[in-house]
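Participant: Here you go, one structure.
In my numbering, the protein residues as written are 1199 to 1450.
Set out below in structure tokens:
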């Protein structure tokens, strides 16, 4: 399938943007890579903080194209479990210092192979749970148009502007995720950590780092079982680079 054949999402943009921590401007250079961890910068005592942002694997078939968000605690499909094993295999030679994760079942099942292989105990952060889609919860994408009169494909723009009835707004999402991101970075200077969470939350993290509206993150495709790597340099006014975006490790 095209989804699994696409190794990484390509970008060739440079950014001069306001920062997450209000320390002035930062430079974010986004570049894609076609291979695994061997191509990333080596783990050195003074290397930048590396965040491996990992989306959970594919969910159970009955929840395909359903807005589950934080209210439906679904598990992985057979393919999702294969994707979880592929993530663990791809990271087998990567020296991780910690694992952080959403509490939801699909995330816990995704990180299990890596946690078992590495011996690292995941730190559960409730605020990394998926977006609360409010009244959209349980509806399929096509059902949102029928019942609410809007396109589900515009969900990032909708939550930032009009909002989903009884769901989280873009402001509320940023308010929820920002402290978790700040704590992870504060506790792990010059370390390499994995953050297992959700497509919506990875987009929120990228929006916070880039200092951009959440709706602009619709341009970033974050697929099931994908890995994105962000490097952050605290000593350089939090200059950061997107080293890898939406890489889906090959399945065994």
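Heads up, the beta-carbon is just placed ideally off N, CA and C, and yes, glycines get one too. A quick note: this is a predicted structure, and the numbers were derived from the prediction, not measured.
Rounded to whole angstroms, what's the CA-CA distance from residue 1331 to residue 1398? Just pull it up for me.
Facilitator: Counted from its first residue, the chain shown places residue 1331 at position 133. Counted from its first residue, the chain shown places residue 1398 at position 200. Spanning the two alpha carbons is a distance of roughly 11 Å.
Participant: Could you check which residue in 1297, 1352, 1263, 1348 has the C-alpha nearest to that of residue 1395?
Facilitator: Position 197 of the chain shown, counted from the start, is the residue given in the question as residue 1395. It is 1297.
Participant: In whole angstroms, what is the alpha-carbon distance linking residue 1359 and residue 1366?
Facilitator: For this step, residue 1359 is matched to residue 161 along the chain shown. For this step, residue 1366 is matched to residue 168 along the chain shown. Answer to the nearest angstrom: the Cα atoms are 11 Å apart.
Participant: Measure from the alpha carbon of residue 1305 to the alpha carbon of each residue in 1258, 1387, 1335, then state which is nearest.
Facilitator: Taking the chain shown and counting its residues from 1, one reaches residue 1305 at position 107. That would be 1258, whose Cα lies nearest to the Cα of residue 1305.
Participant: Curious, which full-length alpha helix (DSSP H) runs of at least 4 residues does the segment 1333-1358 contain?
Facilitator: Listed in chain order, the complete alpha helix (DSSP H) runs (minimum 4 residues) inside the segment 1333-1358 are 1339-1346, 1353-1358.
Participant: Which residue's Cα is closest to the Cα of residue 1277: 1317, 1422, 1302, 1245?
Facilitator: Taking the first residue of the chain shown as 1, we reach residue 1277 at position 79. Of the listed residues, the one whose Cα sits closest to residue 1277 is 1422.
Participant: Does DSSP put residue 1448 in a helix, in a strand, or in coil?
Facilitator: Sequence index remark: in the chain shown, residue 1448 carries index 250 (1-based). Residue 1448: coil per DSSP, three-state reduction.
Participant: DSSP beta-bridge partners for residue 1299?
Facilitator: Stepping through the chain shown from its first residue, residue 1299 is reached at position 101. The partner list for residue 1299 (beta bridge, DSSP) reads 1322, 1394.
Participant: Can you give the Cα-Cα distance for residue 1239 and residue 1291, rounded to whole angstroms?
Facilitator: Taking the chain shown and counting its residues from 1, one reaches residue 1239 at position 41. Taking the chain shown and counting its residues from 1, one reaches residue 1291 at position 93. Note that residue 1239 scores 49 on pLDDT, short of 50, meaning its location in the model is unreliable; the coordinates nonetheless yield the value given after this. Taking the straight line from one Cα to the other gives about 13 Å.
Participant: Is residue 1294 helix, strand or coil by DSSP?
Facilitator: Taking the first residue of the chain shown as 1, we reach residue 1294 at position 96. Three-state DSSP puts residue 1294 in coil, outside helix and strand.
Participant: Between residue 1274 and residue 1307, which are expected to be in contact by the criterion C-beta below 8 Å, what is the C-beta distance as a whole number of angstroms?
Facilitator: As a first step, residue 1274 is located in the chain shown; it is residue number 76 there, counting from the start. As a first step, residue 1307 is located in the chain shown; it is residue number 109 there, counting from the start. 5 Å between Cβ atoms; contact.
Participant: Give a yes or no on whether the C-beta atoms belonging to residue 1281 and residue 1449 are separated by under 8 Å.
Facilitator: On the chain shown, residue 1281 is found 83 positions in, with the first residue counted as 1. On the chain shown, residue 1449 is found 251 positions in, with the first residue counted as 1. The answer is yes: Cβ separation under 8 Å.
Participant: Just grab the DSSP bridge partners of residue 1251 for me.
Facilitator: Here residue 1251 corresponds to residue number 53 of the chain shown, with the count starting at 1. The partner list for residue 1251 (beta bridge, DSSP) reads 1393, 1426.
Participant: Bridge partners for residue 1274 per DSSP, in chain order?
Facilitator: Working through the chain shown from its first residue, we reach residue 1274 at position 76. Residue 1274 is bridged to 1257.
Participant: Looking only at C-alpha atoms, which of 1381, 1413, 1311 sits nearest to residue 1361?
Facilitator: Your numbering for residue 1361 matches position 163 in the chain shown. Checking every option, the nearest Cα to that of residue 1361 belongs to 1413.
Participant: How many Å lie between residue 1287 and residue 1319 at the Cα?
Facilitator: Here the question's residue 1287 lines up with position 89 in the chain shown. Here the question's residue 1319 lines up with position 121 in the chain shown. Cα-Cα distance, rounded: 18 Å.
Participant: Output the distance between the C-alpha atoms of residue 1379 and residue 1373, rounded to the nearest integer angstrom.
Facilitator: By one-based count along the chain shown, residue 1379 stands at place 181. By one-based count along the chain shown, residue 1373 stands at place 175. Roughly 11 Å between the two C-alpha positions.
Participant: For the alpha helix (DSSP H) that contains residue 1382, what are its first and last residues?
Facilitator: Indexing the chain shown from 1 puts residue 1382 at position 184. Element bounds for residue 1382: 1368-1385.
Participant: Only counting the same chain, and skipping five residues up and downstream in sequence, which positions put a Cβ closer than 7 Å to that of residue 1294?
Facilitator: Position 96 of the chain shown, counted from the start, is the residue given in the question as residue 1294. Taken in chain order, the residues that qualify are 1316, 1318, 1390, 1391, 1392.
Participant: Report back the beta-carbon spacing between residue 1371 and residue 1402 to the nearest angstrom; my notes put them in contact at under 8 Å.
Facilitator: What you label residue 1371 is simply residue 173 of the chain shown in a count that begins at 1. What you label residue 1402 is simply residue 204 of the chain shown in a count that begins at 1. Their Cβ separation, rounded to whole angstroms, is 5 Å, which keeps residue 1371 and residue 1402 in contact under 8 Å.
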